[in-house]
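Going by this note's numbering, the residue at position 146 of the sequence shown is 146; the numbering climbs one at a time, nothing skipped.
Glycine is no exception: its CB is placed at the ideal position from the N, C-alpha and C atoms.
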Amino acid sequence: MKKTFLYAIGQLKLNNLQRRGQRVLVLSTMTVLFTGIIAFASIPGANGVIYSCYNTNGNGQLRVIDNSITQCKSNETALNFNQTGPQGPQGPVGPVGPQGPQGETGATGATGETGATGPAGASGISEAYFTRQTDAFRLLTTTQVLLSKNVPAGSYIINAKVGAYNSDGDTKTISCRLNTGDISEARLDGNGGANIQVLALQDAVNFNAPAAITLTCNGFNVYADDYVLTAIKVDSIH
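In structure tokens:
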């Protein structure tokens, strides 16, 4: 009888342990399933929307769902929210901030390579035509050609100089001219060689063909001395 009683008690404990193990197993399984559902659920959705269901029976119950898994019931109305609210209006432009301090000077860059030498330009024209007469006192009584120089066609800068003085006591006038146009005059007092004056002439001219440049002077009883004529050929005259 005693053995039978002890056996019955043992069976009861074993049954209790089995039932406790079953409950633990069920709870563990539910925990795993619930965790999996939570992990699988996407709230809010990929589009940033939070889906929920509002109970319309009057109790005001609201539950958040993953609409890819759960749908609202017949006594519920879908009520959805954006996780991020709409963008507000642009605010006014703020005031200009104070100017910042000047930055440090950057390092000097490397020197660039020297460019190629350009081609040589065309050589300009430079020719001088010169004639001079010294120690040849010429008494003028009418217009006389003192010097003449032949030049080829081209552009020229012309310079001429004549020394003149009066040979008696009366005041005299001498006038010298380049055949290209320039004229110079002087009044000579009657003091002989002590009152020598220099007449200077200058001109610029273009000759389309070879030409002669002449220096002429006009006076009465006056002397011309040390007269010079120079013509310098240039590329062009502007």
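Notebook entry, point to check: By how many angstroms is the C-alpha of Leu139 removed from the C-alpha of Ala153?
Noted result: Residue mapping note: residue 153 aligns to position 153 of the sequence shown, counting from 1. Residue mapping note: residue 139 aligns to position 139 of the sequence shown, counting from 1. Each residue's Cα considered, the two are about 33 Å apart.
Practice item. Compare the beta carbon distance of Asn150 and Val222 with 9 Å and say whether it is the shorter of the two. Key: Your numbering for residue 150 matches position 150 in the sequence shown. Your numbering for residue 222 matches position 222 in the sequence shown. No.
With the cut-off set at 9 Å, would you say Ala164 and Val205 are in Cβ contact? Walking along the sequence shown from the start, residue 164 turns up at place 164. Walking along the sequence shown from the start, residue 205 turns up at place 205. Taking a C-beta distance under 9 Å as the contact criterion, Ala164 and Val205 do not qualify as a contact pair.
Between Asp182 and the rest of its own chain, which residues show a CB-CB distance below 7 Å, the 5 nearest in sequence each way excluded?
-> Along the sequence shown, read from residue 1 onward, the residue named residue 182 stands at position 182. These residues qualify, in order along the chain: Leu201, Gln202, Asp203.
Which same chain residues, not among the five before or five after Thr180, have their C-beta less than 7 Å away from its C-beta?
Within the sequence shown, residue 180 is the residue found at index 180, counting from 1. So the list reads Ile158, Asp203, Val205, Ile213, once near-sequence residues are dropped.
- Query: CA-CA distance, Thr29 and Thr70?
  - Reply: For the purposes of this step, residue 29 is taken as residue 29 along the sequence shown, with counting starting at 1. For the purposes of this step, residue 70 is taken as residue 70 along the sequence shown, with counting starting at 1. Reliability fails at Thr29, whose pLDDT of 46 lies under 50, so the model's placement of it is uncertain and the value that follows must be treated cautiously. Taking the straight line joining both Cα atoms gives about 21 Å.
Cβ distance (whole Å) where Ile232 is taken to contact Ala160 below 8 Å: Along the sequence shown, read from residue 1 onward, the residue named residue 232 stands at position 232. Along the sequence shown, read from residue 1 onward, the residue named residue 160 stands at position 160. At roughly 12 Å, the Cβ-Cβ gap does not stay under 8 Å, so Ile232 and Ala160 are not in contact.
Which of helix, strand or coil DSSP assigns to Phe220:
As a first step, residue 220 is located in the sequence shown; it is residue number 220 there, counting from the start. Look at Phe220 here: in three-state DSSP terms it is coil, with no helix or strand label.
**Asked** Three-state secondary structure (DSSP) at Phe137?
**Response** To locate residue 137, count along the sequence shown from 1; it is residue 137. Of the three classes helix, strand and coil, the one that applies to Phe137 here is coil, per DSSP.
To the nearest angstrom, how far is the alpha carbon of Thr35 from that of Pro92? Locating residue 35 in the sequence shown gives position 35, where the first residue counts as 1. Locating residue 92 in the sequence shown gives position 92, where the first residue counts as 1. Residue confidence is low: Thr35 scores 43 on pLDDT, short of 50, so the model does not pin down where it sits. Its coordinate-derived value is still stated next. Going from the Cα of Thr35 to the Cα of Pro92 covers about 48 Å.
- Query: To the nearest angstrom, how far is it from the Cα of Gly112 to the Cα of Asn208?
  - Reply: Working through the sequence shown from its first residue, we reach residue 112 at position 112. Working through the sequence shown from its first residue, we reach residue 208 at position 208. Whole-angstrom Cα-Cα distance: 49 Å.
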